[in-house]
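To start, the structure under review is shown below, and the notes come after it.
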Amino acid sequence: MSKVKLIPGLFALLRMASERNRRFQAADAEFRPDPVMAMAKRMHPESLSLKVVSVRDEVPLVKTYRLKSVSGEPLPVFQAGQYISLKLKIGQTATSRAYTISSAPYEAEGPDGYYEITIRQKPEGFVSDWLFQNLQEGAELSATGPHGDFYVSPIRDTHEIVAIAGGAGVTPFVSMMKQFLAGRPELSVTLLYGCRNPQDILFEQEIDAVIQADPKRFRRFNTFEDNGGNASLRKGYLDAAFIRENIPEPEKKTYFICGPAIMYSFLEKEFPKVAFLERKQTRYEVSGAPCDVTRIAGYPAAFAEKTYTVSVLCNEVKTEIPASGAEPLLTAVERAGLILDSRCRSGECGICRSQLVSGDVFILPDGDGRREADKELGFIHPCATYPLSDLEVILPPGKAAQT
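Per my numbering: the sequence shown = residues 19 to 421.
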């Protein structure tokens with residue numbers, strides 16, 4: 019007769035299932051929310067309900083709006099230089115616009131915390147016109163939480179920051195300078211600020227207050243297209259000569275640039291005249307679609323006045339919409355009454371990522387934030403894509419719907 023050889027620990031293993039069930043039954047049945055997930059949702063909410071508590075005129079055609087939480091809950095924290103995207107319904111069109119937070123992160127803290135956004139009214143600006151007319155004190159609106167990569171990183175950036183601003187592009191640098199004065203003593207900022215004329219300077223008092231508080235760490239130099247005949251004010255552009263005049267050892271600095279797209283193209287040609295800079299030394303803020311795409315290098319201007327038919331497939335429903343060659347595809351989608359989730363409107367974040375099935379397009383060279391795999395597979399970011407022929411496009415399911 020053969021003997022059965024027992025495996026050590028076998029009975030303990032067999033008792034494991036019943037012991038596990040006994041412990042489940044004895045455990046507290048009360049649901050306990052994950053504190054980490056709760057914190058993540060508070061810091062990175064999908065949507066914010068905000069109300070306008072004040073409106074301030076800065077210069078002609080520029081206003082600053084102070085926003086607080088409708089619920090009274092603390093606002094999400096952010097990095098100086100980031101933006102929020104307003105979610106708007108204008109007539110039958112659902113759209114969005116990203117605006118840099120011009121207040122400092124410390125001003126958003128606590129129950130009385132707030133964000134400030136500064137908006138310039140653009141000529142024939144569909145959204146800016148509507149905001150100037152309708153966004154009054156007491157108005158409520160929906161927005162995303164803070165987003166964006168335009169902030170100083172201690173891992174990547176030097177301690178000496180050169181901020182180059184054109185017009186309303188100074189907004190992220192006001193936030194940075196105030197925050198760095200309050201709590202980043204290792205950082206210094208030199209602001210090179212270009213405006214049309216002296217009357218167009220934004221946040222002059224706020225910037226001067228920071229400089230006066232610590233003139234060794236903060237400086238500002240202005241240049242104007244029109245100095246009004248005042249010889250004491252520099253007349254000229256944000257060019258290589260202006261940078262060399264005011265930035266010693268330029269090759270050792272990190273450059274943050276914010277302004278119109280045409281300024282970016284200009285500076286790309288000027289920087290090599292200043293010093294050899296590694297790619298990581300220059301950071302450009304996303305700034306929405308250009309006002310005139312025909313001024314962007316590489317755009318075939320002959321297509322600007324043409325209108326094309328775009329076949330849009332979303333949630334198994336096909337819709338044909340008209341699209342101008344001079345406007346981003348996202349604009350055509352929104353105008354047709356379709357909702358496509360978007361955020362940066364500059365090609366960077368990828369929230370509006372869609373698939374191009376057929377047709378020819380122009381993609382903004384400074385707004386092509388697609389992954390290499392997406393480029394090969396035919397994906398596009400409609401906010402930075404312009405039609406050059408009739409198109410077939412698939413929008414992401416669940417993100418787009420008829421208004």
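We treat Cβ as the ideally placed atom computed from N, Cα and C, and that holds for glycine.
Since the model is a prediction, treat every value here as computed from it, not as a measurement.
Legend entry - Nearest to residue 179 (by Cα), restricted to the options 242, 110, 317, 299: Nearest of 242, 110, 317, 299 to residue 179, Cα basis: 299.
Inset, instruction - State the Cα-Cα distance for the pair residue 354 and residue 302, rounded to the nearest angstrom. - result: Straight-line spacing of the CA atoms in residue 354 and residue 302 works out to 32 angstroms.
Inset, instruction - Quick one: grab the DSSP three-state call for residue 395. - result: Reduced to three states, the DSSP call for residue 395 is helix.
Inset, instruction - Count the other CB atoms, across all protein chains shown, that sit within 10 Å of the CB of residue 159; report buried if there are 16 or more and exposed otherwise. - result: Counting the other Cβ atoms within 10 Å of the Cβ of residue 159 gives 16 or more, which makes it buried.
Inset, instruction - Identify every residue that forms a DSSP beta bridge with residue 165. - result: Residue 165 pairs with 101.
Legend entry - One or two residues paired with residue 305 in a DSSP bridge: Per DSSP, none; premise fails for residue 305.
Inset, instruction - Note down the Cα distance separating residue 374 from residue 280, rounded to an integer number of angstroms. - result: If you draw a straight line from the Cα of residue 374 to the Cα of residue 280, it is about 27 angstroms long.
Legend entry - Beta-carbon gap between residue 81 and residue 144 smaller than 8 angstroms: Going by C-beta atoms, residue 81 is not nearer than 8 angstroms to residue 144.
Legend entry - Assigned secondary structure, residue 1 (DSSP; H/G/I helix, E/B strand, else coil): Shown here, the chain extends from 19 to 421; a query on residue 1 therefore has no answer.
Inset, instruction - Classify residue 326 as helix, strand or coil using the three-state DSSP reduction. - result: Reduced to three states, the DSSP call for residue 326 is strand.
Inset, instruction - Pair every Cβ in the segment 257-277 with every Cβ in the segment 180-192, then say whether three or more of these pairs are closer than 8 angstroms. - result: By the criterion of at least three beta-carbon pairs nearer than 8 angstroms, the segment 257-277 is in contact with the segment 180-192.
Legend entry - Inter-residue spacing [alpha-carbon to alpha-carbon] between residue 152 and residue 108: In this structure, the CA atom of residue 152 is about 10 angstroms from the CA atom of residue 108.
Legend entry - Residue closest to residue 442, alpha-carbon to alpha-carbon, out of 239, 215, 184, 223: No information on residue 442 is available, as it lies outside the stretch 19 to 421 that the chain covers here.
Legend entry - Nearest-angstrom beta carbon gap, residue 122 and residue 200 [assumed within contact, 8 angstroms]: About 7 angstroms separates the two Cβ atoms, so the contact holds.
Inset, instruction - Assuming residue 277 contacts residue 190 (C-beta within less than 8 angstroms), just tell me the rounded distance between them. - result: With a Cβ gap of about 11 angstroms, residue 277 and residue 190 do not count as contacting.
Legend entry - residue 125 (DSSP reduced to helix, strand or coil): Note: residue 125 maps to helix in three-state DSSP.
Inset, instruction - Please check the pair residue 328 and residue 341, which I expect to be a contact at CB under 8 angstroms, by giving their CB distance rounded to whole angstroms. - result: About 5 angstroms separates the two Cβ atoms, so the contact holds.
Inset, instruction - Compute the Euclidean distance between the alpha carbons of residue 294 and residue 266, then round it to the nearest angstrom. - result: Distance between the alpha carbons of residue 294 and residue 266 is about 14 angstroms.
Inset, instruction - Find out if the Cβ-Cβ distance for the pair residue 402, residue 318 is shorter than 8 angstroms. - result: No.
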